[in-house]
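There are 2 protein chains.
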Amino acid sequence: MNTTTEAAVQLAVAAWHSQNKRMDTLLSSLTDEQLMKEIAPGKNRGIYLLGHLTAVSDGILPLLNLGQRLYPQLDDAFIKNPDKSDLPMPTISELKEYWNTVNKTLSNHFAAMQYNQWLDKHTAVSAEDFEKEPHRNKLNLLLNRTNHQSYHMGQLALLK
Amino acid sequence: MNTTTEAAVQLAVAAWHSQNKRMDTLLSSLTDEQLMKEIAPGKNRGIYLLGHLTAVSDGILPLLNLGQRLYPQLDDAFIKNPDKSDLPMPTISELKEYWNTVNKTLSNHFAAMQYNQWLDKHTAVSAEDFEKEPHRNKLNLLLNRTNHQSYHMGQLALLK
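Chains as they are written, first to last, in my numbering: chain A, 62 to 221; chain B, 62 to 221.
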């Protein structure tokens, strides 16, 4: 593992942190009332996207073999079902707390990871499949999750 | 430059291609009439975001030292000014053609690039600054542009 690999991995992790920082700034610019609104008529509400992004980030923990989910109870309302399904949801202030805790937990794990670990397989791919598809590694999963977060941040920004 | 660096760089380039493919699918699912609508009341129209993403991707050419802009004339209506500024715009079918040409041109250049070139500085950073901030390289610019595109794709998807 040489320094150029370290540099490439570092960039992807830095991009993840940078998107989280932008999300924190965006969240602090929105009131609870704004977050209860739909991003566009008939579309998801801000609270749903906040819960969705928190649940998806929380899911990175087991996928990267970093530990158990912190808030698996979010899946019903924010991943398995669409918004406005009449399911109980945490408050916005609770969701913001979960969001911060998930990101802090991931940050600590990422800081302790060795560069070469990022090119290991993630846990949702079998050893056999990984041999055929070596791109299905932890770094790729992080790149995908970063883009997924950007996608929904573009929507949340419409609430401003 | 070893194979792990190649792997890390390849993932970032693959993520770029994958976002473009998603954008192509999204574009082909939207009618011209839908693209003329605002993504949410009072916000940017689809046509503006299509022109904006095309102009920003076109701007990657000089930034990565791959050649001149193909459509610098897009900047006025799609980068320097907000939507609904009463500036002349190409038609949606022209913009889609530009979009395809820009992406094809970038793809050809990316395919010809050596892995180590991605860790060189991009053209918007001086040699002195790059020595102090070595992360301001071509790969980082690509990661940022990929996330920028995801951000606006999340908005364009609201037109469906």
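We put the beta carbon where it would ideally sit given N, CA and C, even for glycine. Please read these numbers as outputs of a predicted model, since none were measured by experiment.
Which residue wins for smallest C-alpha separation from G107 (chain B), given the options B:L122, B:S90, B:G120? One-based indexing of the second sequence puts residue 107 (chain B) at position 46. Nearest neighbour of G107 (chain B) by Cα position, chosen from B:L122, B:S90, B:G120, turns out to be B:S90.
How long is the line joining the alpha carbons of I153 (chain B) and Q134 (chain A), rounded to whole angstroms? On the second sequence, position 92 is the one that residue 153 (chain B) refers to. On the first sequence, position 73 is the one that residue 134 (chain A) refers to. Distance between the alpha carbons of I153 (chain B) and Q134 (chain A): 44 Å.
In the structure shown, what three-state DSSP assignment does R206 (chain A) receive? For this step, residue 206 (chain A) is matched to residue 145 along the first sequence. Note: R206 (chain A) maps to helix in three-state DSSP.
Please say whether I100 (chain B) and R206 (chain B) have beta carbons closer to each other than 8 Å? For this step, residue 206 (chain B) is matched to residue 145 along the second sequence. For this step, residue 100 (chain B) is matched to residue 39 along the second sequence. For the pair R206 (chain B) and I100 (chain B), the CB atoms are not nearer than the 8 Å cut-off.
Taking G112 (chain B) as the query, report the chain A residues whose CB atoms sit under 9 Å from its CB, ordered along the chain. Sequence index remark: in the second sequence, residue 112 (chain B) carries index 51 (1-based). Here the premise fails: no neighbours, minimum Cβ distance about 16 Å.
Sort B:L220, B:L219, B:M214 by Cα distance to N82 (chain B) and report the nearest one. By 1-based counting over the second sequence, the position of residue 82 (chain B) is 21. This sequence places Lys at residue 82 (chain B); Asn is not what is there. Selected option, being the one with the closest Cα: B:M214.
Can you say whether G128 (chain B) is buried or exposed, counting buried as having 16 or more other CB atoms within 10 angstroms of its CB? Walking along the second sequence from the start, residue 128 (chain B) turns up at place 67. Exposed, since its Cβ has fewer than 16 Cβ neighbours within 10 Å.
Quick one: which unbroken alpha helix (DSSP H) runs of 4-plus residues sit fully inside the stretch 146-205 of chain B? Chain order, please. Whole alpha helix (DSSP H) segments, 4+ residues: 153-173, 188-193.
Taking A69 (chain B) as the reference, which of B:A218, B:H170, B:T184, B:Y176 has the closest Cα? Start at 1 with the first residue of the second sequence, and residue 69 (chain B) comes out as number 8. For the options B:A218, B:H170, B:T184, B:Y176, the alpha carbon positioned closest to that of A69 (chain B) is the one of B:Y176.
Nearest CA to the CA of E192 (chain A): which residue from A:N201, A:D181, A:L200? Locating residue 192 (chain A) in the first sequence gives position 131, where the first residue counts as 1. Of A:N201, A:D181, A:L200, the residue nearest in Cα terms is A:D181.
Would you verify that the beta carbon of T184 (chain A) is, or is not, closer than 8 Å to some beta carbon of chain B? Start at 1 with the first residue of the first sequence, and residue 184 (chain A) comes out as number 123. Cβ-Cβ to chain B under 8 Å: no for T184 (chain A).
Expressed to the nearest angstrom, what Euclidean distance is found between the alpha-carbon atoms of M62 (chain B) and D144 (chain A)? Reading the second sequence from its first residue, position 1 is the one you call residue 62 (chain B). Reading the first sequence from its first residue, position 83 is the one you call residue 144 (chain A). Reliability of the predicted coordinates at M62 (chain B) is poor, the pLDDT of 45 falling under 50, and no value is obtained from them.
For N208 (chain B), count neighbouring C-beta atoms within 10 Å of its own C-beta (all shown protein chains included) and say buried if the count is 16 or more, exposed if not. As a working note, residue 208 (chain B) is residue 147 in the second sequence. Buried is the call here.
Cβ neighbours of L148 (chain B) in the same chain (closer than 7 Å, five flanking residues each side left out): Along the second sequence, read from residue 1 onward, the residue named residue 148 (chain B) stands at position 87. Only D137, A138, N142 meet the Cβ criterion.
Could you name the residues of the same chain whose beta carbon sits closer than 6 Å to that of N105 (chain B), not counting the 5 residues immediately before and after it, in chain order? In the second sequence, counting from the first residue as 1, residue 105 (chain B) sits at position 44. Counting only Cβ-Cβ distances below 6 Å, and skipping sequence neighbours, we find D144.
Span of the alpha helix (DSSP H) holding G107 (chain A)? The residue you call residue 107 (chain A) lines up with position 46 of the first sequence. That run of the alpha helix (DSSP H) goes 107-119.
Going by DSSP, name the residue or residues bridged to E99 (chain B). Translated into the one-based positions of the second sequence, residue 99 (chain B) becomes position 38. Under DSSP, E99 (chain B) shares a beta bridge with B:R106.
With 8 Å set as the bound, which would you pick, yes or no: does the beta-carbon of Q134 (chain B) sit closer than that to a beta-carbon of chain A? On the second sequence, residue 134 (chain B) is found 73 positions in, with the first residue counted as 1. Put simply, the CB of Q134 (chain B) is far from chain A, with every gap to its CB atoms at 8 Å or more.
Determine, for L219 (chain B), whether the minimum Cβ-Cβ distance to residues of chain A falls below 8 Å. As a working note, residue 219 (chain B) is residue 158 in the second sequence. Taking Cβ atoms only, chain A reaches closer than 8 Å to L219 (chain B), which makes this a yes.
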